[in-house]
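Worksheet for the structure shown next.
Numbering (the UniProt record's numbering), first residue to last: 1 to 181.
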């Protein structure tokens, strides 16, 4: 800055002014991809299965930069959850309940992200962004089970060895593995 005396004396002085500009929330987060892939074993429960990332052009670490993730489709049974990792702003996807490969080999989730803070009015970006997360479930060999367990038999005294007593029925939940029981 320069200040001058305009009374004709020619006196002036200079000083330095430091101006700080605060970031406003004028950028909405955007997913870095439209589709993310995760794989999980059907016997995993309450485990992290993947991370998804967004880009937000606001100042990192400020309230304008932090985001919230929400699963908005493909999870009617509440099998999955998503939380924000505060240090990186990534979404961490968790499986909350046991999955069943025989019922669904794949789950297609729709995840939405938006700023925690309201985007500044007049900002040109959309308020939210969405992406697909394709979760592939891998099969685990599960033990067969008896249909009638336990079963009581009444056998007459004196029955000869090798006599036919009964037939047991078992089921194997791994119908796609073509196993012999």
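Note that CB positions come from ideal geometry on N, CA and C, so glycine has one too.
Since this is a predicted model, take the numbers as computed values, not measurements.
In this structure residue 6 is not in contact with residue 17, their Cβ atoms being roughly 21 Å apart against a cut-off of 8 Å. By the neighbour-count criterion, in which 16 or more other beta carbons inside 10 Å mark a residue as buried, residue 114 falls on the buried side.
Linking residue 134 to residue 166 through their CA atoms gives a straight-line distance of about 47 Å. With fewer than three CB-CB distances shorter than 8 Å, the stretch 17-35 does not count as touching the stretch 77-86. Assignment of beta-bridge partners to residue 132 by DSSP yields 35, 110. Using a Cβ distance threshold of 8 Å, residue 38 and residue 49 count as a contacting pair.
Within the same chain, Cβ atoms closer than 6 Å to the Cβ of residue 90 are found at 51, 53, the five residues on either side in sequence being excluded.
Sequence-distant Cβ neighbours of residue 100 in its own chain, meaning closer than 7 Å and more than five residues away, are 42. Secondary structure note for residue 47: its beta strand (DSSP E) is the uninterrupted segment 47-52. The residues 137, in chain order, have a CB closer than 8 Å to that of residue 104 in the same chain once the five nearest residues on each side in sequence are set aside.
The beta carbon of residue 157 is closer than 8 Å to none in its chain, skipping five residues each way along the sequence. Residue burial annotation: residue 69 is buried, with at least 16 other C-beta atoms found within 10 angstroms of its C-beta. The straight-line gap separating the alpha-carbon atoms of residue 112 and residue 30 is approximately 10 Å.
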